[in-house]
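Structure first, then comments.
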Amino acid sequence: MGCICDDKLSKIMDNFKDTWERITNSSTASGEGINYEGVDCVLRPLKGTICSEYVVAHGRYPLRPVRNFGEVCLLPHILESMHKLGLNKLLRLQSYTWPHLVKGAGRGAMIVGSPCCGRTLSYLPVVCHAVCEDLKENTNPLGFLETGAWQPDEYGPRALIVVPDLQRVLQVSALCHALLRNTKKEDWFTLTLNVSTTKSSEFFLRLLNGVGCLVATPAQLAWFWQEHPGLMRFPRLRFLVYDDVDLMSEEQLTGAQQVIQEILPLTNHPQVVMVSQQYRPKLMAELKAVNDDPALVFGDILEAALYGGTRIRISISCSSAKSRAVVKTLQQCPPKDFRTVIFCTNDTDIQHLAVALEDQGYDCLRYFQTSGVTVHERVLSWQANNCGAILLCSDSCPELIIRDAHTLIHYSMSRSWSQFKLRHLVLSENLSNHLASSASPLKRQLQSLVLLDDNNHRELPRLVDFLQVHQVVDPAVLAVAKRVRQEMDNANNEKVTLCSQILTVGKCYKPVCKDRHHLSASDRCPDYMPASGDVKLQLVQVYSPTHFCVRLLEHMPPNGTWQLLPNAAVQQMRMQLVQEQDPRRHWPPVVGDICMYHSKFTKERVRVLKVATIENLQVVQSDLSVEVQGLDVDTRITVTTCGQLFDCPEAVQREPPLACDLRLFGLVPHSGERSWTAESKRDVRYMLSQLPKDHFLQAKIEFAAAGTLFVRDLVAIVFANQIKLHLRYLCLAKKLIDISLAKRCVQATEGIRDFFKEVLIDVKEEENLLEENEVKNKLKEECLALCTLQSKPVLSGRCQRLVKLALEMGRENDLQRIQRGAGSGIGEELSDKMTNLSVRRKENTGANSENNQVAHLYECVRKCALLQLEDKKEQPKESDQNSNDPVEFLKQVLSTKTRSIKRKPKKNNRASAGKPAKELSNHFQMEIELPLNVVRPPVTYYQTISTLELQVFLPDDDQEYSCFLQEPQIFFRGTSKSSNLIQQFVLTLEFPCRSLRHYIRGRTVYISATKEIARYCPLAFGEYRFLKPNYDMINKVDDHQQKAKSRLIRFLQDLGYAKPKARSQEASEESEDEEPNLVGVECGDNRILYD
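The opening position of the sequence shown corresponds to residue 9 in the working numbering, with each subsequent residue numbered one higher.
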């Protein structure tokens, strides 16, 4: 390969001299400045007992493991680094992989095992050993060469490790640096390198000068190639590792393989290592295609059993029927042909099962925990020559070494999941080796039967989750597993939060995740949280670019209007007032409890999520670890001690949380990662902090679950005073997409919806059920009302007689109208029809006779009710015999014309504003009956030529009010913070108004309505008893108008348009040019009296 002289490469190296000193003086790890010294958190899981002592290893030829570190061909300083890190024990998994990979080119491996079982250290020391061997060759520093004169075999990494996420990048990089830090190298060489999240040119400079181990994600590799396609090649790559390859999506893995094909020369064939939790035949085929001598090493025995052709079946039955299931299996696989092993929990189960099988004619070999040498010799004889006997044993017999069984029956489940996996070790020698040069098919089908009953069904959900990945599971078993999981969640003393990856990308890819991955009853949307519509909210905290903590301010249901939600500040103040001064310690803490958390700075409500084991409830502990989640300040999860938890009053516990989570679902990182970087979180937090002060946030709810509002976008809205409109200032989702920080992902959207599908279906079913119940209740009420109407009269006495009279008069009017048109044939025909109709009506006196007169009947009943209420409220001034006769009274009512009260003519028209006329309306007056807590406030009024001024007097200083104009009415409502008394009124105007202004001073609210036409209007406010004229202001306005008129007359006289009149000596000595004395009189405006 020739020298690279690309323009892009030259452009990158233009500032090489400026950055060279910074690069050489910086850490040899990465441009990110990662601290690799703290690798204890990465190595700590290896100190546990999860590491398997047994391995199933297959290859083209039998693999021979090493027995100790002395047999390992690794460099001394790497072994010394491992010793300093505390890696002094050679794991069984490493004893097979190290000697195979250290042989060099053509040797690849697939390592299958559970997380934290030593999978990474099964290949990493060998990779570091290969990097150090390559560094022994003498290379020239590239800094002394001219631009574009780098040797093609000098740059690029010696080992490329591809991991699924950024967290895994940091862990593997830390281990690489810990093993390579004592390696002798040049200053220009980088031992461990990560792809910079800031995407700076320093990354390419380091690649040009040589790298030991490059650790990257598939998304970072794709960016690297898209940024400078064709720029880089990796000619010295010796190891290519895919760590946790099963956690990479199909799209990510395909993209990474395409990039690697581009950057690798055709003549370079590195050793390929694949690490996975599950065995995948497709990945194994790819490994065999690139390496001549691959190895398959299983640290997970259950995975090895499925790979080797074992068929696993689940049988759920009661305890008494388990022996019959065992007999049925033995009939299908006779012990004479299939060597059979049955595992029980203890010696008692072994004895009971042996008796049941012997009754069926089977020979049983019982191996108890107390069995001696004689029984052990019988087992060895049984292994050498199968005589049809069945071996019954338990997990507490490690001295039994059986590897060639054909049928494995789990009469009882193991006490742990790892012990259940190890049981399948008895089938290991009969597993099929697909890598062997002379691979032969299975002669006998291997069986593994799991019997579950009421005592050991708790292991069913985990077993079903495992089997669903490899084979089809019976739907009945799936339903039972789901029910068992729900029961366990309800009884479990942990309320673990949902996995964050599920809430972000719809699926969890973590190898070890302690969060919850299934729904529970607490994930349903509570009553106090809106599940649809739009919300206005206040931002509290930014957890990630798509995850926020908010407080809800207003809610608008679909096809509804905005509704104010309980004020957070008022609610918090109310809770503080209810709290006790000296609260008691909260003991014992129980999952789901709401208590008060007293930290150094705040006191807040929290909900208990997880509690450590309590040995003695009678002893109050202060250092017991408790995991809690905030409810009011924010929704963060904190681990504290029970000494900081105190009792919360029941009234405070019933208050809904002030804070909740909000997520922009369907948005994933644009880089393709499954987690957000710290830089992206910082950018979004800064973006939201720069919004205008008068903004508000609004979002449309897609659905609500698990205490979280899922929305499509978060919009910041501001009010533009110039155009008097609300404008969108920021659409966060669109902004994140525009700046290439996030992207829409259909798979994530569907995954999140599918995960919450059961909760959403339950909510919809409840809504439909409520709607059906409402419809049924309405139908019942209508039927009950109809039955009541038919069974007994609605009105009695006088109103009943009026109803009957009205119906008769209606019929007579119809007949008279028809008779007047009887001159034509049509009229006669209609008359006959109406006559027949009248005859039929008279014949049918039941309830059905008035079906066609329902509207008239309803109107008549309403008017009669008004008459009855009016008689009760107002006594007639004149009583004569006509008022006692209902027929005459009805005729009088129907023929009554509009009545009015004659008034004397006024001397001054302007006085009409001060003395309103009392007019009676042409309909019967009936006061609206108000609730007990609603009253009319005292109001005074006066008018100017252009405005109507109102003064409302409130009883308290802490009153809040609202007032608006809705043509042709003025609406006023005042509420008190200390009581539930409401001051309200509605004032109907007889003239159009253009605008309304109002403000409050002390206890008085001043309202000014600007008229559409500037003129004095008659004010007919006599029917409003709470409304009184403001005579002081009326007189002041009259005086002001009189003086203005006088000034105008004087001005016209001076111009000669009118003859001057002699001024009266009794005239006031007050100058007409002076302003009237308004002291002591409240005005509608601060300074202006409108003319």
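A virtual CB, placed ideally from N, CA and C, is assigned to each residue, including glycine.
> For Pro107, is the classification buried or exposed, using 16 other Cβ atoms within 10 angstroms of its Cβ as the cut-off for buried?
Replying inline: buried
> Shortest alpha-carbon distance to Thr370 belongs to which of Thr337, Val381, Ser402?
Replying inline: Rather than Thr, the amino acid found at residue 370 in this sequence is Tyr. Closest by alpha carbon: Thr337.
> Do Asp412 and Gly121 have their CB atoms nearer than 7 Å?
Replying inline: no
> Exposed or buried, what is Asp762 when buried is set at 16 or more other beta-carbons lying within 10 Å of its beta-carbon?
Replying inline: exposed
>> On the CB-based measure, 16 or more other CB atoms within 10 Å of its CB, does Tyr1039 come out buried or exposed?
In response: exposed
>> Using 8 Å as the cut-off, can you tell me whether the stretch 174-186 makes contact with the stretch 259-274, which would need three or more C-beta pairs spanning the two stretches below that distance?
In response: no
>> I'd like to confirm the pairing. Which residues does DSSP put opposite Gly94 in its beta bridges?
In response: Beta-bridge pairing links Gly94 to no other residue.
> Between Ala297, Thr569, Pro574, His563, which lies nearest to Met118 when the distance is taken from Cα to Cα?
Replying inline: Ala297
> What's the gap between the Cα of Thr649 and the Cα of Leu625?
Replying inline: 16 Å
> Quick one, which of Gly220, Cys533, Arg214 has its alpha-carbon nearest Asn190's?
Replying inline: If we check each option's Cα against that of Asn190, Gly220 comes out closest.
> Going along the chain, which residues of its own chain have a beta-carbon closer than 6 Å to the beta-carbon of Phe718, five neighbours each way excluded?
Replying inline: Arg671, Phe673, Glu710, Phe711
> Using the rule of at least 16 other Cβ atoms within 10 Å of the residue's Cβ for burial, across every protein chain shown, is Ile398 buried or exposed?
Replying inline: buried
> Between the beta-carbon of His414 and the beta-carbon of Arg347, is there less than 7 Å?
Replying inline: yes
>> Tell me the rounded alpha-carbon separation between Asp254 and Ala293.
In response: 15 Å
> Taking all protein chains shown into account, do 16 or more other C-beta atoms lie within 10 angstroms of the C-beta of Ser181, making it buried, or fewer, making it exposed?
Replying inline: buried
>> Between which residues of its own chain and Val485 is the CB-CB distance below 8 Å, once the five residues before and five after are set aside?
In response: Ile322, Ile324, Leu468, Val472
>> Assuming contact is defined by CB atoms lying nearer than 7 Å, are Glu635 and Val647 in contact in what I supplied?
In response: Yes, the pair counts as a contact, with Cβ atoms nearer than the cut-off.
> Would you call the stretch 945-953 and the stretch 1025-1044 in contact, with 3 or more CB pairs under 8 Å?
Replying inline: Yes, they touch.
> The alpha helix (DSSP H) spanning Arg470 covers which residue range?
Replying inline: 468-478
> Going straight from the alpha carbon of Tyr104 to that of Leu143, what length do you get?
Replying inline: 26 Å
> Could you give the uninterrupted runs of the alpha helix (DSSP H) lying entirely in the stretch 281-349, keeping only those of 4 residues or more?
Replying inline: 289-298, 309-315, 330-340
>> My output table needs one value for Val767: the three-state DSSP class, helix, strand or coil.
In response: Reduced to three states, the DSSP call for Val767 is helix.
> Which word fits Asn859, buried or exposed, when buried means at least 16 other C-beta atoms lie within 10 angstroms of its C-beta?
Replying inline: Residue confidence for Asn859 is low, a pLDDT of 44 falling below 50, so the modelled location carries little weight and cannot support an answer.
> Leaving out the 5 sequence neighbours to the left and right, which residues in its chain are closer than 6 Å to Asp631 when beta-carbon positions are compared?
Replying inline: The residues are Thr649.
>> Which runs of the alpha helix (DSSP H) at least 4 residues long sit entirely within the stretch 622-692? Give them in chain order.
In response: 658-661
>> Am I right that Leu129 and Leu95 are in contact with their C-beta atoms under 8 Å? What's the rounded C-beta distance?
In response: Rounded, the Cβ-Cβ distance is 7 Å, consistent with contact.
> Among Phe212, Asp252, Asp251, which residue has its Cα nearest to the Cα of Trp233?
Replying inline: Taking only the C-alpha atoms, the option nearest Trp233 is Phe212.
> Which residue from Val280, Leu956, Leu430, Ser436 puts its Cα closest to that of Arg1023?
Replying inline: Leu956
>> With a threshold of 8 Å on Cβ separation, who are the neighbours of Asp702 within its own chain once the five nearest residues in sequence on each side are excluded?
In response: Val726, Phe727
>> Does Val383 pass the burial test, meaning 16 or more other C-beta atoms within 10 Å, or should it be called exposed?
In response: exposed
> What does a CB cutoff of less than 8 Å around Gln637 pick up in its chain, not counting 5 residues either side in sequence?
Replying inline: Thr505, Val614, Arg615, Leu617, Thr643, Arg644, Ile645, Thr646
>> Does Ile86 come out as helix, strand or coil in the three-state DSSP assignment?
In response: helix
>> Quick check on DSSP: helix, strand or coil for Gly982?
In response: strand
>> With a threshold of 8 Å on Cβ separation, who are the neighbours of Leu639 within its own chain once the five nearest residues in sequence on each side are excluded?
In response: Here the set comprises Ile602, Glu612, Arg613, Val614, Arg615, Pro665, Leu666, Ala667.
> Below 7 Å between beta carbons: does that hold for Val170 and Tyr250?
Replying inline: Yes, the pair counts as a contact, with Cβ atoms nearer than the cut-off.
>> In whole angstroms, give me the CA-to-CA distance for Ala303 and Ser445.
In response: Inter-residue distance for Ala303 and Ser445 is about 13 Å (C-alpha atoms, whole angstroms).
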